[in-house]
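Chain order of the listed sequences is Z and S.
When the letters of the first sequence are read in order and numbered with the working numbering, they come out as residues 1 to 301.
When the letters of the second sequence are read in order and numbered with the working numbering, they come out as residues 1001 to 1292.
Even glycine gets a Cβ: it sits at the ideal position worked out from N, Cα and C.
To keep things clear, I will list the structure first and then write my remarks on it.
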Amino acid sequence: MQTAERAGPGSDGPRPTAGGGPDLAPGAGRARGTLLAGRRPGRSSGRWRALSPSSWLPALVALGALSLAWQLVAVHNPTVLPTDTAVLSELWHSPGLFWHDTLVTLQEVAVGLTSSFALAFGLAVAMSYLKVIERAVMPLAVVLNVTPVVALAPGLVVAFGFDLVPRYIVTAVIVFFPFLVNSLVGLRSADPEALEVLRTLHASQFETLVRLRLPSSLPYLFAAARVCLPLSVVGAVVAEMSSSGDAGGLGSLIETASAYSDLARIYAAILVLAALGLALTLAVVVLERRALSWRAPASGS
Amino acid sequence: MPPSPEKDGPAPAGLVLEGVTKSFRDGARLISALAGVRLSVERGRFVTVIGPSGCGKSTLLRIAAGLLEPDAGEVTIFGESPRRACASKRVGFVPQSPALLPWRTVLDNVRLPLQVNRRATPPSGLGAREPEEILEAVGLGSVKHLRPAQLSGGMRQRVAIARAFAFDPEILLMDEPFSSLDELTREVLRHELLSLWQVHRKTVLFVTHSVTEAVLLSDAVAVMTARPGRIAALVPVGLPRPRGDLVELTDEFRALERQVRLELRDGSRPALGAPGSGRLATGEEAGGGADG
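Structure, rendered in structure tokens:
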């Protein structure tokens, strides 16, 4: 049950009719505890478990081994990999450059994500009320989903120039489908008997949406966000690489550095991108923990 | 079947079901769930519908609640259609699962009916009970700030019942609300419902598959046949109220249980059902009678 909950909403495969929704409904825990559960017993113990060496030591060892191997390659083949000191000094000596490009990429991600989410969620609300809209939009969304979005980028650059607009579009398009499907499944995951209770109270469609369907969809929306945030960074970087101009961005930075065979700069930019992805994902996880604190205390992971 | 004979005045009928018929489509087959159900529940009475599983009890309740439309027949709640009765918040529906909103605290769950369809919410102090008062009455005063996930199954069901009482509907429609609980919790909750009802005297239509539960709670037990569902008999329960913990041990109680069981068995006989329903009926009979 626990694993199903975690895996369920995250899967963004083509599930246009979303028939399997209720089985995976994260809120539908019908566990029949016979005693009053204490105040989140899992919480504090989970935090302590995260601090014990048995949880972080293996990852640390693996990281150490990897950087050692990297260093060996870098020292003997400077044309394959830069040494880590070279990468770090690159970051150290021109922080302004990286900071500027990071902000550009971050802006693309923010604009692309929010506009895509707004559109996808709005469409999902419409689809959950009107089957016709679902039948009209879903096939197009599926086609969009199977199209390699990377291929769209050069065309968009031709159309909109070396501006931020094509980057916004690529970023938005790449995350649109997971947002749409998860929003729809989430909105439909509302407890059918709770829906019946609201119907017998003659609650309006709007009240049902705000008081039941929307909160029910939150776990799915967060699952989508966890998938979509790293994906949107990919979209932004790909778009930047095919339109590397004055607009900047970490993708452009990599593209330019590549022209000068500047390995240290390339890997410094990649390092920043990885940190960016990690920070964004962490932010979502923290936000999710707060927003979904009402869920049955799950084993932390 | 005529409604229960012992009337104590010109009580207007609270809920009237007249010739209610409903079938469902299952692929190519048309399954007849209800065939001409006739039942009336007078104002302030507690009537239980009992029958083998799959006999259409829940369908009947959903038709009474206006959640399903009957193919034929008429339903009125205090003279109005179920939908209109719902629009004026006179119907309290208690589904099989507690159907609480997990992100709301216990108190906020109980407040929910007061927050939607506000035009029909009675002004505070007039009719509507304070949610906190109701929670105290069902022994949930100390957990009102917890969330459903932190409660036991029995407590969640109590919240669902409190939610139905809190907006002071005139009729309560309850769909096997205790069926998912363990036997001991179920017994406690039955008596809690009894004492709540003793105070508020709502009109209640209660669906169950437990003979003991039916006899303990009701003024009359309507026994349904297996598919297609009809009311086979109406067994009046004349046990004095308030009914305490010991009422279940009396001979009178046992005799009533026996009577309901016999009616259930008669109603499930293949000969009485439509052609083809025999297999279903014998299969379900064990389930219906195994209680207690």
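- For the C-beta of Z:A223, not a single chain S residue is nearer than 8 Å; the gap to the nearest is close to 16 Å.
- Annotation for Z:V238: the continuous alpha helix (DSSP H) segment containing it runs 214–241.
- Taking a Cβ-Cβ cut-off of 7 Å, the neighbours of S:F1093 in chain Z comprise E196, V197, T200, given in sequence order.
- Apart from sequence neighbours up to five positions away, the residues of its chain that approach Z:L263 with a beta-carbon distance below 6 Å are P82, ordered along the chain.
- With respect to the 9 Å criterion, Z:A236 and Z:T105 are classified as neighbours on the basis of their beta carbons.
- Rounded to the nearest whole angstrom, the C-alpha separation of Z:L130 and Z:L184 is 12 Å.
- Z:L231 sits away from Z:T102, with the two beta carbons spaced by 9 Å or more.
- By the rule that beta-carbons nearer than 9 Å mark a contact, Z:A203 touches chain S.
- With a cut-off of 8 Å on Cβ pairs, the stretch 1201–1208 of chain S is in contact with the stretch 1041–1052 of chain S, counting three or more such pairs.
- Along the stretch 206–231 of chain Z, going in chain order, the ones with a CB nearer than 9 Å to a CB of chain S are E207, T208, R211, L212, P215, S216, L218.
- With a 10 Å radius around the Cβ and a threshold of 16 neighbouring Cβ atoms, S:G1238 comes out exposed.
- When secondary structure is reduced to three states using DSSP, S:G1027 falls in the coil class, being assigned neither helix nor strand.
- For Z:W294, at least one C-beta of chain S is nearer than 9 Å to its own C-beta.
- Judged by their CB atoms, S:T1105 and S:S1152 are not nearer to each other than the 9 Å cut-off.
- Between S:G1014 and S:I1231 the beta-carbon gap is near 17 Å, outside 8 Å, which marks them as no contact.
- Residue environment analysis places S:L1249 among the exposed positions, since fewer than 16 neighbouring C-beta atoms fall within 10 angstroms of its C-beta.
- If you ignore the 5 residues before and after S:E1176, its C-beta comes within less than 6 Å of the C-beta of Q1096, V1207, T1208, all in its own chain and listed in chain order.
- In the DSSP assignment, S:A1064 falls within the unbroken alpha helix (DSSP H) covering 1057–1064.
- Selection S:L1107, S:P1102, S:E1130, S:A1087 evaluated against S:V1116 yields S:A1087 as nearest (Cα-Cα).
- Annotation: S:L1030 to S:G1056 spans about 14 Å, alpha carbon to alpha carbon.
- Shown here, S:V1237 sits in coil according to DSSP, grouped into three states, outside any helix or strand.
- Around the CB of S:F1167, 16 or more other CB atoms lie within 10 Å, so the residue is classed as buried.
- Judged by DSSP in its simplified three-state form, S:L1039 adopts strand.
- For Z:E196, the closest alpha carbon among the candidates S:R1243, S:G1092, S:V1016, S:A1222 is that of S:G1092.
- With a 10 Å radius around the Cβ and a threshold of 16 neighbouring Cβ atoms, Z:P178 comes out buried.
- With distances taken between CA atoms, Z:V158 lies nearest to Z:A239 out of Z:V210, Z:L209, Z:T200, Z:A239.
- Taking C-alpha positions only, Z:V111 is separated from Z:V165 by approximately 10 Å.
- The criterion of a C-beta distance shorter than 9 Å is satisfied by Z:I169 and Z:F160.
- Looking at S:G1019, S:A1033, S:S1053, the one whose alpha-carbon comes closest to that of S:S1040 is S:G1019.
- Minimum Cα-Cα distance from S:S1032 among the listed residues S:D1251, S:G1054, S:V1016 corresponds to S:G1054.
- The C-alpha of S:H1145 lies about 24 Å from the C-alpha of S:P1169.
- The beta carbon of S:R1119 lies closer than 7 Å to none in the same chain, with the five residues before and after it left out.
- Two segments are said to touch when three or more pairs of C-beta atoms, one from each, lie closer than 8 Å; by this definition the stretch 128–148 of chain Z does not touch the stretch 73–90 of chain Z.
- Around the Cβ of Z:Y267, a 10 Å sphere holds 16 or more other Cβ atoms; the residue is buried.
- Close to Z:E193, with beta-carbon spacing below 8 Å, are these residues of chain S in chain order: P1095, Q1096, S1097, A1099.
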